[in-house]
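A short worksheet on the structure shown next.
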Amino acid sequence: MTCEDAEVLLHALIDGELDAGHAREVETHVAVCPRCAAALANYRQMSRAVAGAGLRYSAPAALRQRIEAALPSAPKTSRRDMLKGFAMGSAVSALAATGLVAIVLRGDDDQRILSDVVSAHLRSLQAGHLTDVISTDRHTVKPWFNGRLDVAPPVIDLTAQGFALIGGRLDYVDARAIGAVVYRRRQHVINLFVAQTATTEHRPPRTETVQGFNIRRWEDRGLSYWAVSDIGADELAEFGEKFEAASRANKEG
Amino acid sequence: MPASSSNDDPDKARRFRDAALPYLDDVYTLARYLLRDAADAEDAVQECYLRALKHFDGYRGPAMKPWLFAILRNVCHAEYARRATAAAPSIEDLPETAGQTPLWREQQDTPETEILRERDAATIRRLVNALAEPFKETFVLREINNLSYREIADTVGAPVGTVMSRLARARAMLRAAWLAEEERPQ
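The listed protein sequences derive, respectively, from chains A and B. Just so you know, we're using the numbering used here here: the first sequence kicks off at 1 and counts up by one. Just so you know, we're using the numbering used here here: the second sequence kicks off at 1 and counts up by one.
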């Protein structure tokens, strides 16, 4: 056996990939060739060092959750979100979360829907998933929803009132596409989900807490609203009141 | 008629979860070495699982791990294409000739009696990351992901002989870098 042959085959020897006959041939060569013997010794040392150095990584828990969430028992939307996440990277990931999202819902299965809304809010906080259209201009955000939803969520700029409009997004709640209008309060995201509802009567706001997130929901003129955020209930109430006031002013104006 | 092949089939989701999720750390590890960026690696792994789920109905082998790795490679190659403008630093500055220099020549330049000094994990990781593709990939698949030569061949879609020569070259380059590292002033 030549050094040239041995140089490749001694790796197979280290890795236990050689049959007995070839292993013996390599060992015979190494016994009479100091250079190959030194190489073999170095490679064995290297393999041991690499194996012992703990060079493997553990997948972050958030990644596991994202993948789990994309599996079919979860809402279908995650798939699109994931693709987008890969394209967009982590541009918006640094934001903590408050999102105000508008949704049209069937009006049953309250708890499940609340839980869906919180899940949608959580997904939105993952890297690159917060907004499909990024704009602080409601005249950009509102037309973006046209043709994507069967209802146009009201897009109201509340920047002057302390809630900056940062964009819009399609999301899924209760297995239906809904619009989400995204606001920011300091470093917190508010998702305002907007969905159609069967009734047109005004239902006063209620605030609930699910998984540590505050949800303020109300219904007005055929739309259900769900504002979800990790900001305090008082601030979320302020958001809802300012939104409703601005909405009335728009209507009357 | 075959049963629904939709991605929304919960039974399929369960089978996929049981078959593929145990390898999440392996896939993530490979992605970290191939992309050298934690955020990009996460995105690539997510995309990999998404594609794997999509093609899970038609999956008949190879073993799950090489299959997932092969999908991940495709995702990473798309990411390389996106990054095409940025040149990656590497030990092997002449990739064109990387496969041509006979290994035994290189070896003659290495002292016979040299003992490799122990290096810490961060140093080893840096040296591995500095290897040029496709040698790094082969090395990581063998030494860190513990694949057999056959599985590596399945993953990268190359003959076992190619895997062996890449691995030999990867280790030779790493050995040279390892020895050179020891000569650097601390």
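Don't be surprised by glycine CBs; every beta carbon is placed ideally from N, CA and C.
- In the structure shown, proline 60 of chain A adopts coil according to DSSP, grouped into three states.
- When C-beta distances to chain A are compared with 8 Å, the residues of the stretch 118-141 of chain B below that value are Glu118, Arg119, Asp120, Ala121, Ile124, Arg125, Val128, in chain order.
- Within chain A, no residue has its beta carbon less than 9 Å from that of arginine 73 of chain B; the closest one is some 15 Å off.
- Sixteen is the threshold: when 16 or more other Cβ atoms of the shown chains lie within 10 Å of the Cβ of glutamine 196 of chain A, as they do, the residue is buried.
- Within the stretch 56-80 of chain B, contact with chain A at the beta-carbon level (separation under 7 Å) is assigned to no residue.
- Not a single unbroken stretch of the beta strand (DSSP E) spanning 3 or more residues falls wholly within the stretch 27-71 of chain A.
- Note on threonine 28 of chain A: under 16 other CB atoms within 10 angstroms of its CB, so exposed under the neighbour-count rule.
- A distance below 6 Å between beta-carbons, with the five flanking residues on each side excluded, links aspartate 11 of chain B to no residue of its chain.
- Contact between alanine 59 of chain A and tyrosine 28 of chain B holds: CB atoms are separated by about 4 Å, below the 8 Å threshold.
- In this structure, the CA atom of histidine 139 of chain A is about 9 Å from the CA atom of isoleucine 156 of chain A.
- For proline 159 of chain B, none of the residues of chain A pass the 9 Å Cβ criterion, the least Cβ distance being about 13 Å.
- With respect to chain B, the C-beta atom of glutamine 45 of chain A has a partner C-beta closer than 8 Å.
- For alanine 246 of chain A and leucine 170 of chain A, the gap between their C-alpha atoms comes out near 23 Å.
- Listed as beta-bridge partners of threonine 207 of chain A by DSSP are A:Arg216.
- At a C-beta separation below 9 Å, threonine 29 of chain B has these neighbours in chain A: Leu55, Arg56, Tyr57, Ser58, Ala59.
- With a threshold of 8 Å between beta carbons, alanine 120 of chain A makes no contact with chain B.
- Under the 8 Å criterion on CB atoms, valine 173 of chain A is classed as non-interfacial with respect to chain B.
- Rounded to the nearest whole angstrom, the C-alpha separation of alanine 38 of chain B and tyrosine 57 of chain A is 10 Å.
- In terms of Cβ geometry, leucine 116 of chain B and leucine 34 of chain B do not form a close pair [threshold 8 Å].
- Between alanine 37 of chain A and valine 30 of chain A, the gap from beta carbon to beta carbon is short of 8 Å.
- Nearest in C-alpha terms to arginine 36 of chain B, of all of B:Ala70, B:Ala168, B:Ala132, B:Leu147, is B:Ala132.
- Sequence-ordered contacts of the stretch 7-37 of chain A with chain B read Glu7, Val8, His11, Ala12, Asp15, Glu17, Pro34, Arg35 [C-beta pairs closer than 7 Å].
- Burial state of threonine 2 of chain A is exposed, judged by a 10 Å Cβ sphere holding fewer than 16 other Cβ atoms.
- Under the DSSP assignment, isoleucine 166 of chain A falls outside any alpha helix (DSSP H), being part of the beta strand (DSSP E) whose first and last residues are 164-173.
- Counting only the Cα atoms, glycine 240 of chain A lies some 12 Å from tyrosine 183 of chain A.
- Straight-line spacing of the CA atoms in isoleucine 178 of chain A and glutamine 65 of chain A works out to 22 Å.
- Taken in chain order, the members of the stretch 154-181 of chain B whose beta-carbon sits within less than 7 Å of a beta-carbon on chain A are Met164, Ser165, Leu167, Ala168, Arg171, Leu174, Arg175, Trp178.
- Put simply, of B:Ile71, B:Ala78, B:Glu42 the residue whose alpha carbon is nearest the alpha carbon of valine 156 of chain B is B:Ile71.
- Under the Cβ distance rule, aspartate 18 of chain B does not count among the residues neighbouring chain A, no pair being separated by less than 8 Å.
- In summary, threonine 138 of chain B is buried, with 16 or more beta-carbon neighbours lying within 10 Å of its beta-carbon over all protein chains present.
- The three-state reading of DSSP puts serine 135 of chain A in coil, since its state is none of H, G, I, E or B.
- Residue environment analysis places proline 154 of chain A among the buried positions, since at least 16 neighbouring C-beta atoms fall within 10 angstroms of its C-beta.
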